[in-house]
Each structure stands twice: as C-alpha cells, then as structure tokens.
Amino acid sequence: MKNLIICNCATGLEIFRGMLIQELAKEGNNVYAIVPKLDDKKENDAEERIKKMHCKLIRIPMERRGMNPLKDIALMKAYYKVVRKIQPDLVITYTIKPNIYGDMVCRVLKIPYVVNITGLGTAFQRNGILKQLVINMYKIVFEKYKVPLLDEAYNIAIEAHKFFYNVGAIGWDVAITEEGPIFIERNDNFEITLMQACDRPRKKGMGVTLDCNK
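Its first residue numbered 102, the sequence shown is counted upward by one per residue in this note's numbering.
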C-alpha cells in the first residue's frame with residue numbers, strides 16, 4: 102500500500118508524524134512525503150533523518166505563509182503532478198495549504214485522503230480578506246466531512262470537567278477510537294509561558310499581551 106503525506110515543513114513532519122511514518126513503513130507500506138524545498142539547515146537535517154525512516158521525500162517550492170494566487174496555483178499543479186505520478190492508496194494532509202490544495206487534487210484524481218487540522222494558523226490571527234478566503238476554502242474542503250462520535254466526545258469532556266469544578270477552563274485532547282472517544286491529556290488554566298512569548302510572539306497573536314507588559 103502506498104501512503105503519501107503532504108506537509109508544510111520537514112521538522113514538523115519528523116516531530117509530529119515520525120512515529121506514524123515508522124509504523125507505516127514497518128507494516129510494509131511504501132511511504133512518501135511532500136515537503137517544501139527550503140534552504141534551511143534544520144529542515145535539511147530533518148529531511149535526512151526522515152529518509153532513514155524509509156520515507157521517500159519529494160521537495161517542491163512552497164510559500165508557507167501568505168496567499169499569492171500565482172504561487173499557490175503553481176503549488177497545486179505541483180501537488181497534482183506528484184499525486185498523479187505516485188497514485189497513492191491514501192493521502193494524509195495537515196496545515197492550511199496542504200489541506201486545501203491537497204483536498205482539491207485528491208478530489209479531481211478520486212484518491213482517498215485524510216485531512217488534519219493541527220491549529221488555525223497565522224491566517225486567522227487578523228480579520229481581513231486573507232482570513233475570510235481561508236475560511237471559505239476550508240468550508241469547501243470540509244463540506245461533506247462529519248466528525249464521528251462528536252457528541253460523545255463533547256459529553257465526556259463536560260462530565261470530566263465536573264470533577265475539576267475549581268478550574269475555570271480545561272482543554273481536553275480527545276482521540277476517537279473504535280471503542281469510542283478517549284482522553285489523551287488535559288490542559289488547564291491557560292497562560293502564556295516565557296517560551297511561547299519568545300517564539301514568534303506577534304505571529305502567534307500575543308502582541309497585545311506583550312504591549313501591556315512594556
């Protein structure tokens with residue numbers, strides 16, 4: 102079975118999908134991944150480690166942020182050529198551009214695909230044309246999607262929160278399994294840590310907080 106993963110950076114692929122790649126390869130699957138062609142040492146080092154996981158990499162130009170129509174059309178064409186050539190049995194995408202353009206390509210080629218939302222992304226940090234465009238495109242991508250056991254996931258989160266009545270808000274990480282939804286972890290009393298504040302604060306929507314602390 103051939104599996105293709107489309108992502109927006111090799112470092113993220115290694116960290117968050119490395120175990121998946123290794124398990125797929127271990128089970129005898131042919132694993133491919135499309136990564137951006139970047140002149141970055143960290144990215145290049147990550148690519149070398151991913152190759153050792155028996156994952157074949159395809160590097161294509163990609164503007165990770167921004168929505169330049171010409172560049173994005175070129176990106177979608179590049180996705181199309183790769184997917185048509187490989188003819189994977191399943192395509193896995195995550196982050197905004199792979200989700201949107203990967204979805205469009207797979208629909209045209211009638212190839213099964215799985216879309217993952219790993220976060221809203223910087224496009225949602227400010228109101229404007231870009232944000233509305235991404236929202237509208239995501240509506241098209243998820244038009245016929247339905248999260249299985251979503252009501253059950255809501256209910257167990259609500260019931261579990263009753264045991265922590267003194268905590269104002271809890272973010273539950275829930276996995277949907279064949280046996281039903283299960284908890285992975287919980288995050289409570291949200292706050293901005295020093296590490297978060299130092300890691301691209303403006304792009305992560307923390308500008309107001311930092312301005313108040315001046």
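Note that the Cβ used here is the ideal one computed from N, Cα and C, for glycine as well.
Bear in mind the structure is a predicted one, so any value in this text is a computation, not a measurement.
Quiz item: With DSSP run on the structure shown, which of helix, strand or coil describes Gln233?
Solution: On the sequence shown, residue 233 is found 132 positions in, with the first residue counted as 1. If DSSP states are grouped into helix, strand and coil, Gln233 belongs with the helices.
Quiz item: Start and end of the alpha helix (DSSP H) containing Phe284?
Solution: The sequence position of residue 284 within the sequence shown is 183, counting from 1. Premise fails: Phe284 lies in the beta strand (DSSP E), 281-289, not in any alpha helix (DSSP H).
Quiz prompt | Distance, Pro282 Cα to Lys186 Cα | solution = Position 85 of the sequence shown, counted from the start, is the residue given in the question as residue 186. Position 181 of the sequence shown, counted from the start, is the residue given in the question as residue 282. Note on geometry: alpha-carbon atoms of Lys186 and Pro282 lie some 37 Å from one another.
Exercise. Kindly give me the distance between the Cβ atoms of Cys156 and Ala126, rounded to whole angstroms, as I take these residues to be in contact under 8 Å.
Key: Taking the sequence shown and counting its residues from 1, the one referred to as residue 156 is at position 55. Taking the sequence shown and counting its residues from 1, the one referred to as residue 126 is at position 25. The pair is a contact, with the Cβ atoms about 7 Å apart (cut-off 8 Å).
Practice problem: Between the Cα of Asn147 and those of Glu260, Ile271, Gly269, Leu114, spot the shortest distance and give me the residue it belongs to. | Solution: Indexing the sequence shown from 1 puts residue 147 at position 46. The sequence as given places Ala at residue 147; Asn does not occur at that position. Nearest to Ala147 by alpha-carbon distance, out of Glu260, Ile271, Gly269, Leu114, is Leu114.
Quiz item: Which residues mark the beginning and the end of the alpha helix (DSSP H) in which Val192 is found?
Solution: Residue mapping note: residue 192 aligns to position 91 of the sequence shown, counting from 1. No alpha helix (DSSP H) holds Val192; the beta strand (DSSP E) holding it covers 191-195.
Self-check item: Closer than 6 Å: Glu279 CB and nearest the ligand GDP heavy atom
Solution: With respect to the ligand GDP, the structure shown offers nothing to examine, as it has no ligands at all.
Practice problem: Please go through the region 105-187 and give each complete beta strand (DSSP E) segment of 3 or more residues, from N-terminal end onward. | Solution: The beta strand (DSSP E) runs of length 3 or more contained entirely in the region 105-187 are, from start to end of the chain, 131-137, 156-161.
Quiz item: Is the beta carbon of Val183 less than 7 Å from the beta carbon of Ile218?
Solution: Numbered from 1 along the sequence shown, position 82 holds the residue referred to as residue 183. Numbered from 1 along the sequence shown, position 117 holds the residue referred to as residue 218. Contact flag unset, no.
Self-check item: Ala270 - containing beta strand (DSSP E), residue span
Solution: In the sequence shown, the residue the question calls residue 270 occupies position 169. No beta strand (DSSP E) holds Ala270; DSSP gives it neither H nor E.
Quiz item: What do you get for Pro137, buried or exposed, if any count of 16 or more other CB atoms within 10 angstroms of its CB means buried?
Solution: Looking up residue 137 in the sequence shown gives position 36. The residue in question, Pro137, is buried, as its Cβ has 16 or more Cβ neighbours within 10 Å.
Self-check item: C-alpha gap between Lys315 and Glu128, whole angstroms
Solution: By 1-based counting over the sequence shown, the position of residue 315 is 214. By 1-based counting over the sequence shown, the position of residue 128 is 27. At Lys315, the pLDDT of 44 sits below 50, so the modelled position is not reliable and the matter cannot be decided from this model.
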